[in-house]
Each structure stands twice: as C-alpha cells, then as structure tokens.
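Colleague:
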Ligand SMILES: Cc1ncc(COP(=O)(O)O)c(C=O)c1O
Ligand code: FES
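Chains as they are written, first to last, in the numbering used here: chain A, 58 to 447; chain B, 1492 to 1646.
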C-alpha cells in the first residue's frame, strides 16, 4: 500500500523482471504501427518486418558467438526451455530416454522433465552442494548409454550461483550427449561463448534484460536433432511456427545490443554494490549469505535472517518503497519453502527468513544505502515481536 | 503466489495491538504451524469479577507472515475483557470478519490465532486444576499432535 505515490520507490527485484529501456521502447514502436507487416509476406511491408527480424537474429547470435540461423525466437524463457527439453527428448528417443538435470533448476525445466517422466522418459535430478553448485563429476557419473540430454542452468535465479558449465560442456561432448543450459539469468550479464563452452542449446529471455516481456530465444546448434512443439507455417527453421512477434524480437535484440555494450562495466559496478550489501548485511546479528561467495551473478544477494519471516519482511520493506523477494514458505501456494533453498541444505527456519535482492543497471549507491538503513530497523522491529530467542 | 493484503490487514500488521509478553501470565498458549513454520504465543492474565473469570490482559508474540501478525492482534483485541467461556467461542471466522477479508491461502494463519487463544485458556484451567471442557480438550490434543511434528521439522 503506497499511501504516497511520490514516495521513493526502489526496485531491487531484477531477477523477477526489468523495466523496458527507453531506447528499446523507441525502436519497437514503429513495428506496432507503420512497420506492422507479416514477415512471411512478399510485399514491402513483409520485407520490412523480415529485414528487422533478420537483423535481430544477427545481433542476438553475436552475443554468444553463434550463427544467426541457430537462433530460434520464442515467447520467452519458459517456451525456450520447453522446446529444448521436450524437443530433444522427442527427436532422440530412439537413441535413449534418459535426461540429466539438477534439483535447483527453474520450474520451466523441472516441470517439462516431470511431464516427460509420465511419458516414458527417465530423469536424474542431481544434488547440488551447499553453495548451490552442481559437481561436474556427478554429471559424468550419471551419464548412461541411454542419456540424450544434460540440462544445467548457467546461473541460478534465486541464489545467483554460477554453475560450472564449461566443465559440464566438456563432459557432454566427450560422452556425445546434448548439453542445454538455461541462461535466462546470466544472458547479457556475464560473457557466454557457445564455441568456447560446448553448448548445444541455450535459453534466454528478453524481460530479464530490459527488453519486453513475452520474447525469448533458444539457441540450437546446427545439426542438433530437435523436434518442434508448435506446428504450423514452419517459421523459425520449422521449430516454432507462428507469425513472428517483430516488435518484440526487435526490442529484444536492441536490449541485447545495449546489454553487450555495458556488460563489463555493469558487471563490475554491480559486483561492487553487491559486495557492499553483503558486507554490511552480514554485520547484522543472525544473518547468513546463501549461495556461493564468489561464483555468483554480479547482481544477486540472497540471505537468511534468523528470527524473521520473509513475507513479513517483504511487506514491511514494500511499505518503505523497497521491492525485494523471498523464498519463505508463507509466500507460496503450497506453503513449501523454495526448492532451491532446501536443496542447498537450508533448514525450514532458514528458508523461512530468506530474502533475495537483485540489482539492476539503474540502481545507485544511494538506493543501497537507503536499503541498508531501513533493513536493520525492520529486522529489529519484527524480532521484537518474535516469541523465540534467536 | 499473487494476492494483496487488504487495508485492514495492513493496518493491523503495521500497527499491531497487544504486542509483548506478560510476566507471571496465568496462561500461555504456544502454537506453531506445521506447514509454513510460523509461531504464535498468547499470554493471558485472568481476573475474577462478579464470580466470573475475565481476561483482564492479553498479549501476543508472533513469528510469521503479515496475516499471522494481523490475526494475532485481532484475536487479542476480541478476547480482551471477555469471560473465558466467551473467549473460547471466538473462532477464526470472527477474526477474518473483523479483518474484512483475508486471502484464502492465509486462512490457516487465523486458525493459528484461534488455537493460540484456546491453548492459553487451556493452560490456565490446567494450572488452576480445573475441569477442562471436552471440546477444548479435543482441540488441545490435536494441537499437541501437530506440535510434535512441528518440533521434528523446525527443531
Ligand atoms: C532461470 C529461469 N529460467 C526460466 C525463466 C522463465 O522465463 P520467462 O519468464 O521468460 O518465461 C526464468 C524467469 O523467471 C528464470 O529465472
Ligand atoms: S501463519 Fe504461515 S503463512 Fe501465515
């Protein structure tokens, strides 16, 4: 409840979504009006849309060192993941029926895997260590003659841990199994080169990168055997039928271009802010950092606070105009704490008091100072009404 | 999960009444929710007035979500000044009514408040070596069982 609309509002939930950059919005606008053509049409209107999408494909492929023809535009990270997992499963089921993934993947990976299990596939969900790392050796051990796909995320959306995908890529290559990575949180934030790392498929999403919602991409390396899920007019190399969302795709590509330009500088700047938050927050009694201390996304802070329930903290911060998120059981439908937090061995109490702060390019040091001023006050006030000693 | 707390819930959450502990309380109710891990304590002070036992003072301490804190506050306000008999009749529905509305997923928080009050009264009657109404006894046994599971889970 924001009583005063003019109240200072600080957005620290960029892992959830990001605002569309002004520049992106401007580039998109004509594709809703004068450049509205269907990219499949032969006339000038069609050509306009087609050319724009072609250019977008080129820009997008460049960021990860792929070829334009290897980029499939989709409706977002969820669709990209579904296409990767199910598309590979269906196309390669004569080769095997086994998939390897981790316990801390996004639901957009876990749910398609669970669904495949109902249709004759076998899935191994690898454990992670208490920092959220997959052990590449575990991947290697899990591979059988029936394994067709390994899917491990580039970086985790809750705790920010960056997975050892270079090692996992090597193992997959050696064992001739496809390697998919859900790069939704890492794409455009840390460098990813699909040639240096042996990646066969990669998912990305526009709205995590200051692009519009409802657009994403799946990189599919040439010659990878994959089936379409959506059949129709044969768009996107036949892998994703449906008239292209030209405005969205152009917006996404513009966002990618901007991200590429500021990636190095922003990664450094945000890492510094992140480290400052971590350092200051850990001074508060009963606070611990979740995830990896160094192998983590530049913009991610995830902590557990003893004697605090996350949703209460979230709402209290919201009253101060600060937007963050929590993995507390209270804020889920199932009343179960986040599967990521329980996978890194947090007990229910630690998950209960978890808080995620994710920075973005518009966050300034003064925003962080404001958070660091308000947070301890709220923690104190909530702890005062806690019946337990912590 | 997507829902929004009503203005009233927010008011009670941000400025709860009767927060704290009562030293030498006559009865203490301690409950926890198995699923989400929230914990609620209610303390009561009982005074006899015209041969009736009245809840003279009541306070709560809660570790939990905004709904848990708001419902704790409301139930203490509803119970204050009531006879034990009347206080036992306060249900979570009444608490929700006083809050205007509560997201359905948060109903269990109001149930926790009802249980905490019942337990405080149970504790009082027990300490006074008094006969416990059958219904209250049943409720107490149910709470005891879930508490065992809670302790196992949350330690
Ligand atoms: C790691 C990860 N994968 C997939 C998704 C889903 O992406 P989208 O919202 O574009 O469907 C998200 C976003 O919530 C994510 O963080
Ligand atoms: S008491 Fe658990 S969600 Fe409110």
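Quick reminder that beta carbons are idealized off the backbone N, C-alpha and C, glycines included.
Rank B:1554, B:1553 and B:1539 by C-alpha distance to the C-alpha of residue 1547 of chain B and give the top, closest one.
Modeller: The candidate whose alpha carbon is nearest that of residue 1547 of chain B is B:1539.
Colleague: Taking one C-beta from the region 101–114 of chain A and one from the region 246–254 of chain A each time, how about it: are there three or more such pairs within less than 8 Å?
Modeller: No contact exists between the region 101–114 of chain A and the region 246–254 of chain A.
Colleague: When DSSP builds the beta bridges, which residues end up paired with residue 155 of chain A?
Modeller: According to DSSP, which records beta bridges pairwise, residue 155 of chain A is partnered with A:179 and A:204.
Colleague: With a cut-off of 8 Å, do at least 3 Cβ pairs link the region 82–91 of chain A to the region 304–311 of chain A?
Modeller: Segments in contact, yes.
Colleague: For the beta strand (DSSP E) containing residue 361 of chain A, name the first residue and the last one.
Modeller: 357–362 is the extent of the beta strand (DSSP E) around residue 361 of chain A.
Colleague: Could you tell me if residue 126 of chain A is buried or exposed, where buried requires 16 or more neighbouring beta carbons within 10 angstroms of its beta carbon?
Modeller: Classification for residue 126 of chain A: exposed.
Colleague: Expressed to the nearest angstrom, what Euclidean distance is found between the alpha-carbon atoms of residue 448 of chain A and residue 141 of chain A?
Modeller: Any question about residue 448 of chain A goes unanswered here, given that chain A covers just 58 to 447.
Colleague: What in chain B is Cβ-close to residue 442 of chain A, meaning under 9 Å?
Modeller: Within 9 Å Cβ-Cβ: 1507, 1510, 1511, 1551, 1552, 1553, 1554, 1560 and 1563.
Colleague: Is residue 183 of chain A close to ligand 2? I mean its beta-carbon at under 7 Å from any heavy atom of the ligand.
Modeller: No; taking the cut-off as 7 Å, the Cβ of residue 183 of chain A has no heavy atom of ligand 2 nearer than that.
Colleague: Based on DSSP bridge pairs, tell me the residues matched to residue 1532 of chain B.
Modeller: Paired residues: B:1521 and B:1552.
Colleague: Given that residue 403 of chain A touches chain B, what residues does it touch there, using C-beta distances under 8 Å?
Modeller: What residue 403 of chain A touches in chain B: nothing, since even the nearest Cβ is about 12 Å away.
Colleague: Which residues in the same chain have their Cβ closer than 6 Å to the Cβ of residue 1607 of chain B, if we skip the five residues on either side of it in sequence?
Modeller: Closer than 6 Å at Cβ, skipping near neighbours: 1520, 1522, 1531 and 1533.
Colleague: Counting only C-beta atoms, is residue 364 of chain A closer than 8 Å to chain B at any point?
Modeller: Yes, residue 364 of chain A lies at the interface with chain B (some Cβ there is under 8 Å from its Cβ).
Colleague: Looking at C-alpha atoms only, which residue of B:1507, B:1640, B:1641 and B:1642 is the closest neighbour of residue 1564 of chain B?
Modeller: Among B:1507, B:1640, B:1641 and B:1642, the Cα nearest to that of residue 1564 of chain B belongs to B:1507.
Colleague: If you measure beta-carbon to beta-carbon, which residues of the region 1511–1540 of chain B are closer than 7 Å to chain A?
Modeller: Within the region 1511–1540 of chain B, the qualifying residues are 1526, 1527, 1528, 1529, 1530 and 1532.
Colleague: Report, in whole angstroms, the separation of the C-beta atoms of residue 1554 of chain B and residue 347 of chain A, which I expect to be a contact under 8 Å.
Modeller: With 8 Å as the limit, residue 1554 of chain B and residue 347 of chain A do not qualify as a contact, their Cβ atoms being about 19 Å apart.
Colleague: How far does the alpha helix (DSSP H) with residue 1645 of chain B in it extend, from its first residue to its last?
Modeller: Residues 1625–1645.
Colleague: Would you tell me roughly how many angstroms separate the C-alpha atoms of residue 139 of chain A and residue 146 of chain A, rounded to the nearest one?
Modeller: Their backbone Cα atoms lie some 10 Å apart in a straight line.
Colleague: Can you tell me where the alpha helix (DSSP H) holding residue 315 of chain A begins and where it ends?
Modeller: Where residue 315 of chain A is concerned, the enclosing alpha helix (DSSP H) stretches over 303–338.
Colleague: For a test of the three-state rule: what should DSSP assign to residue 128 of chain A, helix, strand or coil?
Modeller: If DSSP states are grouped into helix, strand and coil, residue 128 of chain A belongs with the strands.
Colleague: Could you tell me whether the region 222–234 of chain A touches the region 291–305 of chain A, where touching means 3 or more Cβ pairs closer than 8 Å?
Modeller: With the cut-off at 8 Å, the region 222–234 of chain A and the region 291–305 of chain A do not touch.
Colleague: Which residue marks the beginning of the beta strand (DSSP E) containing residue 237 of chain A, and which one marks its end?
Modeller: Per DSSP, residue 237 of chain A belongs to the beta strand (DSSP E) from 235–239.
Colleague: What does residue 1644 of chain B touch in chain A if you count any residue whose Cβ is under 7 Å from its own?
Modeller: Under the 7 Å cutoff, chain A gives 405.
Colleague: Is there contact here, the region 313–326 of chain A with the region 338–345 of chain A, by at least three beta-carbon pairs under 8 Å?
Modeller: No, the region 313–326 of chain A is not in contact with the region 338–345 of chain A.
Colleague: Could you work out which residue in A:179, A:281, A:398 and A:376 is closest to residue 234 of chain A when comparing CA atoms only?
Modeller: Of the listed residues, the one whose Cα sits closest to residue 234 of chain A is A:281.
Colleague: Tell me whether residue 201 of chain A is buried or exposed, calling it buried when 16 or more other Cβ atoms sit within 10 Å of its Cβ.
Modeller: Result: exposed.
Colleague: For residue 1490 of chain B, I'd like the list of residues in its chain whose CB is within less than 8 Å of its CB, leaving aside the five on either flank, ordered along the chain.
Modeller: Residue 1490 of chain B is absent from the model: chain B starts at 1492 and stops at 1646.
Colleague: For residue 1634 of chain B, would you say it is in contact with chain A, using Cβ-to-Cβ distances shorter than 8 Å as the test?
Modeller: Residue 1634 of chain B does not count as touching chain A.
Colleague: So, is residue 75 of chain A buried or exposed, given that buried needs 16 or more other C-beta atoms within 10 angstroms?
Modeller: It counts as buried.
Colleague: Hey, how far is the Cα of residue 137 of chain A from the Cα of residue 274 of chain A?
Modeller: Residue 137 of chain A and residue 274 of chain A: Cα-Cα distance of roughly 6 Å.
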